[in-house]
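Peer 1: Position in the sequence shown (first residue = 1) + 2 = our numbering.
Just so you know, even glycine gets a beta-carbon here, dropped at the ideal spot from N, CA and C.
Sending over a structure as structure tokens; questions will come in a sec.
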Amino acid sequence: ALLALLLVLLLLYTRKRGNSSPRGNGVGPAPAGGSPPPPGVSVNLANAGDSFTYHQLLQATGDFNDANLIKHGHTGDLFNGVLENGIPVVIKRIDMRSTKKDAYLLELDFFNKVSHQRFVPLLGHCLENENEKFLVYKHMPKGDLSNCLFFKNTTSEDGTLQSLDWITRLKIATGAAEAISYLHHECIPPIVHRDIQASSILLDDKYEVRLGSLSEACAQEGDTHQSKITRFLRLP
Numbered sequence: 003a004l005l006a007l008l009l010v011l012l013l014l015y016t017r018k019r020g021n022s023s024p025r026g027n028g029v030g031p032a033p034a035g036g037s038p039p040p041p042g043v044s045v046n047l048a049n050a051g052d053s054f055t056y057h058q059l060l061q062a063t064g065d066f067n068d069a070n071l072i073k074h075g076h077t078g079d080l081f082n083g084v085l086e087n088g089i090p091v092v093i094k095r096i097d098m099r100s101t102k103k104d105a106y107l108l109e110l111d112f113f114n115k116v117s118h119q120r121f122v123p124l125l126g127h128c129l130e131n132e133n134e135k136f137l138v139y140k141h142m143p144k145g146d147l148s149n150c151l152f153f154k155n156t157t158s159e160d161g162t163l164q165s166l167d168w169i170t171r172l173k174i175a176t177g178a179a180e181a182i183s184y185l186h187h188e189c190i191p192p193i194v195h196r197d198i199q200a201s202s203i204l205l206d207d208k209y210e211v212r213l214g215s216l217s218e219a220c221a222q223e224g225d226t227h228q229s230k231i232t233r234f235l236r237l238p
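Structure representation (structure tokens):
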């Protein structure tokens with residue numbers, strides 16, 4: 003039901019965007035600055051956050067202790083961590099021996115070119131190790147949508163399981179629709195996420211959507227299946 007609501011909201015939102023303003027250039031040039039990329043990395047790291055050392059990430063995660071493991075993702079393992087200044091983060095540990103070598107570069111390139119409040123903030127990276135790369139994200143207190151929908155582990159005062167109310171569900175669906183619409187209609191060329199599912203919809207402390215799982219995002223090319231869907235959603 004929530005996915006159906008998301009599709010309806012996406013249709014309405016894209017119609018509204020199309021009628022109110024022309025498409026902007028969401029993939030503009032990156033501002034100057036930022037840390038220089040390591041040898042062999044062609045991506046501009048100006049908007050890729052801070053450059054962390056491997057030692058800093060070891061300290062933040064307790065040497066990547068299993069107790070801090072969130073899940074094994076298809077592009078890397080996700081760990082909870084706390085930086086030296088007390089800021090909670092999520093760190094993706096990418097094993098270059100078992101993952102596509104350009105996956106982390108594609109994600110860094112995405113953050114370098116795209117900036118929007120509906121995407122999970124990238125705080126930094128660590129690229130100093132040859133066999134492992136690390137991306138550091140802002141921690142999302144409410145986790146992802148799949149946890150909220152399928153793993154109800156909190157109880158109310160009367161002892162009953164709590165669930166998302168319909169106002170919150172509508173808020174989440176609207177936020178996800180805004181993120182997808184931005185990729186499809188505000189970026190030039192349009193960007194296809196390619197991994198929209200409950201686990202890629204992250205939620206902050208106010209249940210605002212911060213879309214994640216961005217390593218598969220790519221520019222839309224030609225008359226692909228995705229472009230047909232985009233054209234359908236933009237029909238008057």
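Where does residue 102 land, buried or exposed, given buried means 16+ other C-beta within 10 angstroms?
Peer 2: The residue in question, residue 102, is exposed, as its Cβ has fewer than 16 Cβ neighbours within 10 Å.
Peer 1: Over the uninterrupted alpha helix (DSSP H) stretch that includes residue 129, give me the two end residues.
Peer 2: Careful: residue 129 lies outside any alpha helix (DSSP H) and carries neither H nor E.
Peer 1: Which runs of the alpha helix (DSSP H) at least 4 residues long sit entirely within the stretch 145-218? Give them in chain order.
Peer 2: As far as the stretch 145-218 is concerned, its whole alpha helix (DSSP H) runs of at least 4 residues are 147-152, 168-187.
Peer 1: Taking the alpha-carbon positions, what's the residue 270 to residue 76 distance?
Peer 2: Residue 270 lies beyond the range of the chain shown here (3 to 238); nothing can be said about it.
Peer 1: Tell me the rounded alpha-carbon separation between residue 132 and residue 172.
Peer 2: In a straight line, the C-alpha of residue 132 is about 44 Å away from that of residue 172.
Peer 1: Tell me residue 239's beta-bridge partners as DSSP assigns them.
Peer 2: Residue 239 falls outside the range modelled here, since the chain spans only 3 to 238, and no answer is possible.
Peer 1: With DSSP run on the structure shown, which of helix, strand or coil describes residue 73?
Peer 2: In the structure shown, residue 73 sits in a strand (DSSP, three-state: E or B).
Peer 1: Skipping 5 residues on each side, what residues in its chain have a beta carbon closer than 7 Å to that of residue 29?
Peer 2: Residue placement at residue 29 is flagged as unreliable, the pLDDT there being 40, under the threshold of 50; the coordinate-derived value follows with that caveat. Result list for residue 29: 115, 116, 189, 190, in chain order.
Peer 1: Using the rule of at least 16 other Cβ atoms within 10 Å of the residue's Cβ for burial, across every protein chain shown, is residue 100 buried or exposed?
Peer 2: Burial call: exposed.
Peer 1: Quick test of the definition: if touching needs 3 or more C-beta pairs under 8 Å, does the stretch 68-75 touch the stretch 128-142?
Peer 2: The stretch 68-75 vs the stretch 128-142: no contact.
Peer 1: Taking the C-alpha atoms as reference points, what is the distance between residue 79 and residue 66?
Peer 2: Each residue's Cα considered, the two are about 10 Å apart.
Peer 1: Assuming residue 93 contacts residue 83 under a Cβ cut-off of 8 Å, what Cβ separation, rounded to an integer in Å, is found between them?
Peer 2: About 5 Å; that satisfies the 8 Å criterion.
Peer 1: Below 8 Å, can you find three or more Cβ-Cβ pairs linking the stretch 103-112 to the stretch 195-204?
Peer 2: Touching, no.
Peer 1: Taking residue 144 and residue 209 to be in contact with their CB atoms under 8 Å, please state how far apart those CB atoms are, rounded to whole angstroms.
Peer 2: With 8 Å as the limit, residue 144 and residue 209 qualify as a contact, their Cβ atoms being about 6 Å apart.
Peer 1: Residue 45 to residue 52, Cα distance in whole Å?
Peer 2: Spanning the two alpha carbons is a distance of roughly 15 Å.
Peer 1: Among 183, 50, 118, 222, which residue has its Cα nearest to the Cα of residue 127?
Peer 2: It is 50 whose Cα lies nearest to the Cα of residue 127.
Peer 1: Using the DSSP secondary-structure output, state which residues sit across from residue 221 in a beta bridge.
Peer 2: Beta-bridge pairing links residue 221 to 193.
Peer 1: What residues match up with residue 53 in a beta bridge as DSSP calls it?
Peer 2: According to DSSP, which records beta bridges pairwise, residue 53 is partnered with 127.
Peer 1: What did DSSP end up calling residue 112 once you bin it into helix, strand or coil?
Peer 2: Helix.
Peer 1: Report buried or exposed for residue 186, applying the criterion of at least 16 other Cβ atoms within 10 angstroms of its Cβ.
Peer 2: Answer is buried; the Cβ neighbour count reaches 16.
Peer 1: Does the distance from the C-beta atom of residue 202 to that of residue 215 stay below 8 Å?
Peer 2: Contact: yes.
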